[in-house]
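According to my numbering, the sequence shown is numbered sequentially starting from 60.
We put the CB at the ideal spot given by N, CA and C, even for glycine.
Accompanying notes for the structure given below.
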Amino acid sequence: MNIQDFEAQLKADNFDEIATLEKPIGYAMGEHTHPFEARALITKGDITLTVNGVSTTYGVGDIFRLPAQTPHHENAASHGVTYLVGRKQQSNA
């Protein structure tokens, strides 16, 4: 999927915060959560996400999805990573 199609899909799926993020070589973050759902398209490098003890590496062209409040680790140590990400805040319903 190209960047324009991915961004259009994010908007169609009500992801209202869309940004390009870049993490440098050596980036790693221990277990944490986010108050939003995230969906991202890797555009450069790679990132490994560990959820429930299972590590998955996402490279260029891959899309990852992470539900809100999901404990996870992030690691882009070997190459760094750049990705287009959409965030959807949880509703308070």
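According to the DSSP assignment, isoleucine 62 belongs to the alpha helix (DSSP H) that extends over 62-71.
CA-CA distance, glutamate 90 to alanine 127, rounds to 14 Å. Three or more beta-carbon pairs separated by less than 8 Å link the stretch 86-101 to the stretch 130-144, which places the two stretches in contact.
In this chain, valine 119 is not harboured by any beta strand (DSSP E), its DSSP state being neither H nor E. Isoleucine 77 is bridged by DSSP to Gly145. Put simply, of Pro130, Gln149, His93 the residue whose alpha carbon is nearest the alpha carbon of valine 113 is Pro130. With fewer than 16 other Cβ atoms from the protein chains shown falling within 10 Å of its own Cβ, isoleucine 62 counts as exposed. In the three-state scheme derived from DSSP, where H, G and I count as helix and E and B as strand, histidine 138 is classed as coil.
Within the same chain, Ala97 come within 6 Å of leucine 125 by CB-CB distance, once the 5 residues on both sides are set aside.
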